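Trainee: Shown below is the structure under consideration.
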Amino acid sequence: MDRAQLEHNQIPLYFIAVLLAAAVGLLAPGVAQPLAALVTPAIAVLMYAMFLQIPFLDLRAGLGNRRFIGALLLANFVLVPVLVWAITRGLVEHPAVLVGALLVLLTPCIDYVVVFTHIGKGDARLTLAATPVLLLVQLALLPLYLALMLGGAAEVEIAVAPFIEAFVLLIMLPLLLAVASSAGARRSARVAKWNDAWAWLPVPAMALVLVAVIGSQIGVLASRLDDLLPVLPVYVGFALLAPLLGLLAARLLKLPTGEARAVTFSAATRNSLVVLPLALALPESVRTLAAAAVITQTLVELVSELVYVRAVPALVRR
Numbered sequence: 001m002d003r004a005q006l007e008h009n010q011i012p013l014y015f016i017a018v019l020l021a022a023a024v025g026l027l028a029p030g031v032a033q034p035l036a037a038l039v040t041p042a043i044a045v046l047m048y049a050m051f052l053q054i055p056f057l058d059l060r061a062g063l064g065n066r067r068f069i070g071a072l073l074l075a076n077f078v079l080v081p082v083l084v085w086a087i088t089r090g091l092v093e094h095p096a097v098l099v100g101a102l103l104v105l106l107t108p109c110i111d112y113v114v115v116f117t118h119i120g121k122g123d124a125r126l127t128l129a130a131t132p133v134l135l136l137v138q139l140a141l142l143p144l145y146l147a148l149m150l151g152g153a154a155e156v157e158i159a160v161a162p163f164i165e166a167f168v169l170l171i172m173l174p175l176l177l178a179v180a181s182s183a184g185a186r187r188s189a190r191v192a193k194w195n196d197a198w199a200w201l202p203v204p205a206m207a208l209v210l211v212a213v214i215g216s217q218i219g220v221l222a223s224r225l226d227d228l229l230p231v232l233p234v235y236v237g238f239a240l241l242a243p244l245l246g247l248l249a250a251r252l253l254k255l256p257t258g259e260a261r262a263v264t265f266s267a268a269t270r271n272s273l274v275v276l277p278l279a280l281a282l283p284e285s286v287r288t289l290a291a292a293a294v295i296t297q298t299l300v301e302l303v304s305e306l307v308y309v310r311a312v313p314a315l316v317r318r
């Protein structure tokens, strides 16, 4: 299998990884702790592999598309937060589930959204170029949105230090290494070969992250299913409405078809794998259920993406 075939078949590979991880996690509960220890390094490897695909040294063209960036920001940081606030009001009496839902629904995806955008005939290149913008804005706004939306769940105390640690280890360090690697490739053939080798790894790294995340948390999810039931309608509602908000933002900014599809996918796809360590950094009283709420969103979203890759090209046309 060459790299193109690997990327073309990645969605079936991801579902195989999820099913395998769920089976192992349920049948062999003892693997949960070792897999949990693997989550953070696996996500760091994934982020480095994904960041290496971003043309950091050639971002000016992508970031110069102000209408596209404006539509992304409008959809993800204005329209979607309003939707999230509205659909999560029924979770105020379930603070652990609420904080998990807010963590994942307020943060737009910066990794596999590129894959689904490409499969859904959107402008994946612009999505990839806009990743640093999405990343920095969500990190700046997430604490503010959490403070505003937690509302009656004031007993959920969020420590700053674990969030900073997760940000440094999972985002800043891989990002800086990727930028250094990209710059070094222009001066060194060895570094260029290193980067070419890593170009194979986003798909296997994503599969590894899914195995680590699902395998370590599926037992908790199964045991707390009754507690998680209130969040399921929230996730289904988001899956149905968020793409429409993305399309609305694209139409308001009068984007061409490929860009409009990209904004639609971005609005609908969330940053679950990256925010999971943030959920696991919450106080012990809410940590387990909040993390399970994040994982539940991942499972709902993976199914939703199978619909999006067919529905978005059909609905978002010239």
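Residue numbering for the sequence shown follows the UniProt record's numbering, starting at 1 and increasing by one per position. Just so it is clear, CB atoms sit at the ideal spot from N, CA and C, and this is done for glycine as well. On a predicted model such as this, the values are computed, not experimentally measured, just so you know.
Just confirm the distance between the C-beta atoms of Leu-302 and Tyr-14, as a whole number of angstroms; I'd bet it's less than 8 Å.
Mentor: 7 Å
Trainee: Inspect the CB distances between the stretch 173 to 184 and the stretch 292 to 299 and report whether three or more fall short of 8 Å.
Mentor: no
Trainee: Compare the beta carbon distance of Val-309 and Phe-116 with 8 Å and say whether it is the shorter of the two.
Mentor: A distance below 8 Å separates the beta carbons of Val-309 and Phe-116.
Trainee: Going by Cα to Cα distance, which pick from Leu-289, Ser-266, Val-316, Leu-79 is closest to Leu-91?
Mentor: The residue with the shortest Cα to Cα distance from Leu-91 is Leu-289.
Trainee: For Pro-108, which three-state DSSP category applies?
Mentor: Here Pro-108 sits in strand by DSSP.
Trainee: Could you spell out where the alpha helix (DSSP H) holding Lys-193 opens and where it closes?
Mentor: 189 to 198
Trainee: Would the beta-carbon of Val-113 fall within 8 Å of that of Leu-102?
Mentor: Result no, Cβ atoms of Val-113 and Leu-102 do not sit closer than 8 Å.
Trainee: Tell me, which residues are paired with Arg-125 by DSSP?
Mentor: Paired residue(s): none; Arg-125 is not in a bridge.
Trainee: Any idea what DSSP makes of Arg-67, helix, strand or coil?
Mentor: helix
Trainee: Nearest to Ala-86 by alpha carbon, out of Leu-106, Gly-219, Arg-67?
Mentor: Leu-106
Trainee: Do you know offhand how far Val-286's Cα is from Ala-197's?
Mentor: C-alpha of Val-286 to C-alpha of Ala-197: approximately 40 Å in a straight line.
Trainee: Considering only residues of the stretch 211 to 261, which uninterrupted alpha helix (DSSP H) runs meet the minimum length of 4 residues and lie entirely inside it, listed in chain order?
Mentor: 225 to 228, 232 to 252
Trainee: Run the CB neighbour count on Ala-75, radius 10 Å, all protein chains shown included, and call it buried at 16 or more, exposed below.
Mentor: That one is buried.
Trainee: Three-state secondary structure (DSSP) at Arg-317?
Mentor: Coil.
Trainee: Between the stretch 19 to 38 and the stretch 162 to 172, do at least 3 Cβ pairs fall closer than 8 Å?
Mentor: These segments do not touch.
Trainee: Between which two residues does the alpha helix (DSSP H) holding Pro-29 run?
Mentor: Taken as a continuous stretch (DSSP letters only), Pro-29 belongs to no alpha helix (DSSP H), as it is neither H nor E.
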